[in-house]
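Asker:
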């Protein structure tokens with residue numbers, strides 16, 4: 054009986070030492086972006102993927118900042134940032150031309166007084182002329198219209 058306990062004790066000690074050594078000297082391998090091609094991982098964003106990301110499809114949201122506004126043509130250019138999470142140096146900023154149709158809607162959040170010196174955030178209708186260069190906006194594409202969310206006014 055003592056021999057069995059002694060063998061179990063030695064086995065537990067050996068297992069404990071092995072576990073300690075494994076966790077003590079375990080290192081994480083961090084892969085450099087240059088190593089991606091070595092492992093067969095493509096880190097470049099393909100043109101097809103970019104076109105798919107910024108295509109105006111129904112039930113899709115796109116966010117970006119306004120680069121240019123054309124009041125005569127009722128259109129603006131949106132800068133859309135596409136982040137490459139594998140290699141941030143290969144992230145892209147893509148221009149996207151948006152034409153405004155009569156059915157499109159503009160909304161903006163405004164801080165309005167609600168009584169007793171307090172204010173309340175409310176969404177109100179806006180117009181095309183409320184757009185400003187460098188504004189960060191969101192566009193929600195629906196089947197028959199676009200809903201454009203302008204930055205909040207405080």
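Residue numbers (the numbering used here): 54 to 207. The C-beta atom is built at its ideal place from N, Cα and C for all residues, glycine as well.
Quick check: what's the CA-CA separation for residue 110 versus residue 187?
Answerer: 24 Å
Asker: Kindly give me the distance between the Cβ atoms of residue 206 and residue 163, rounded to whole angstroms, as I take these residues to be in contact under 8 Å.
Answerer: 5 Å
Asker: Got a sec, what are the start and stop residues for the beta strand (DSSP E) residue 164 sits in?
Answerer: 158-168
Asker: With a floor of 4 residues, list each alpha helix (DSSP H) that falls wholly inside the region 114-200, ordered by position along the chain.
Answerer: none
Asker: Cα-Cα, which of 100, 177 and 154 is closest to residue 145?
Answerer: 100
Asker: Give the C-beta separation of residue 184 and residue 122 to the nearest angstrom, bearing in mind that I take them to be a contact with Cβ-Cβ under 8 Å.
Answerer: 6 Å
Asker: Below 6 Å CB to CB, which residues in the same chain sit around residue 157 once its five sequence neighbours on both sides are set aside?
Answerer: In its chain, beyond the 5 residues on either side, 198 and 199 have a beta carbon closer than 6 Å to the beta carbon of residue 157.
Asker: Taking 7 Å as the cut-off, is the C-beta of residue 107 nearer than that to any heavy atom in the ligand ATP?
Answerer: Because no ligand of any kind appears in the structure shown, any question about the ligand ATP cannot be addressed here.
Asker: If you draw a straight line from the C-alpha of residue 134 to the C-alpha of residue 147, how long is it?
Answerer: For residue 134 and residue 147, the gap between their C-alpha atoms comes out near 6 Å.
Asker: Just how far apart, CA to CA, sit residue 196 and residue 151?
Answerer: Their backbone Cα atoms lie some 15 Å apart in a straight line.
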